[in-house]
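Worksheet for the structure shown next.
Residue numbers (this note's numbering): -16 to 216.
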């Protein structure tokens, strides 16, 4: 199983990943908070170490990602892909934000922000229940691990591409994209159980990719028909 890795930021510098990480000025980010100029506080370090030590199912490959630097004083980011051989089934990014002073919109000092996306069969993308089901994959993954969180916010977007002219030989393609953010409950020492939240996020990523649940008997996740076949990396 792969250990999660990522890239740590102390909040200095600029940030151009607001849209990519799913953050918004009201719910998903700190909106222009500056750097603290010092060492990250113990709760943030503990939260990051928990992420780094998390173990994920072997089909999920994790790589470092640039950490946003203006959404909060401290940030840590990673990106992941669900792979089958040399083919990607789904990919996403998870960002941990921390503002020691707290954030009114978050109702806490930590915020998790995510983007998950995958290719779908066109008829599956046309299902009117698709957005609700995809959102239930996220909330169900958090609930299945017994996690407490607040202020959830997000969007589910489906898009279709049709090709013409010199590209007309390509088949139509449809994609689902989930952007979300939520405030994890802080535990002892002020740090949330980020390893468990990463586990729930990886469950969401696997569900979007069409993988079977890692544990049998999980009825909290709604199943959609088989997704589009593996896409070349």
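All residues carry an ideal CB built from backbone N, CA and C; glycine is no exception.
If you draw a straight line from the C-alpha of residue 155 to the C-alpha of residue 108, how long is it?
Taking the straight line joining both Cα atoms gives about 12 Å.
Buried or exposed: which applies to residue 145, given that a residue is buried once 16 or more other Cβ atoms fall within 10 Å of its Cβ?
By the neighbour-count rule (16 or more Cβ atoms within 10 Å), residue 145 is not buried but exposed.
Just the C-alpha distance for residue 5 and residue 69, rounded to the nearest angstrom, thanks.
Confidence is the limiting factor: at residue 5 the pLDDT is only 40, short of 50, which leaves the residue's position unreliable, though a coordinate-based value still follows. Residue 5 and residue 69: Cα-Cα distance of roughly 27 Å.
Using only alpha-carbon positions, find the residue among 147, 92, 149, 194 that is nearest to residue 58.
Here the closest residue by C-alpha is 92.
Restricting to Cα atoms, I'd like to know which of 43, 38, 27, 32 is closest to residue 191.
Nearest of 43, 38, 27, 32 to residue 191, Cα basis: 43.
Work out the CA separation of residue 148 and residue 36 for me, nearest whole Å.
Roughly 49 Å separates the two Cα atoms.
Suppose you measure from the CA of residue 167 to the CA of residue 152; what does that come to, to the nearest Å?
If you take the alpha carbons of residue 167 and residue 152, they lie about 46 Å apart.
Is residue 185 buried or exposed, if buried means 16 or more other CB atoms sit within 10 Å of its CB?
The residue in question, residue 185, is buried, as its Cβ has 16 or more Cβ neighbours within 10 Å.
Work out the CA separation of residue 150 and residue 217 for me, nearest whole Å.
The structure shown does not extend to residue 217, since the chain is modelled only from -16 to 216, so the question has no answer here.
Exposed or buried, which one is residue 30 when buried takes at least 16 other CB atoms within 10 Å?
Flag for residue 30 reads buried.
List the whole-angstrom C-beta distance separating residue 80 from residue 55, where the pair is believed to meet the contact cut-off of C-beta under 8 Å.
Right, the Cβ-Cβ distance comes to about 4 Å (below 8 Å), so this counts as a contact.
In whole angstroms, what separates the C-alpha of residue 120 from that of residue 28?
Their Cα atoms are separated by approximately 29 Å.
Could you tell me the distance, in whole angstroms, from the CA atom of residue 118 to the CA atom of residue 161?
Their Cα atoms are separated by approximately 8 Å.
Can you say whether residue 115 is buried or exposed, counting buried as having 16 or more other CB atoms within 10 angstroms of its CB?
Classification for residue 115: exposed.
Within its chain, find whatever has a CB closer than 6 Å to the CB of residue 74; leave out the 5 residues flanking it on each side and keep chain order.
These residues qualify, in order along the chain: 64.
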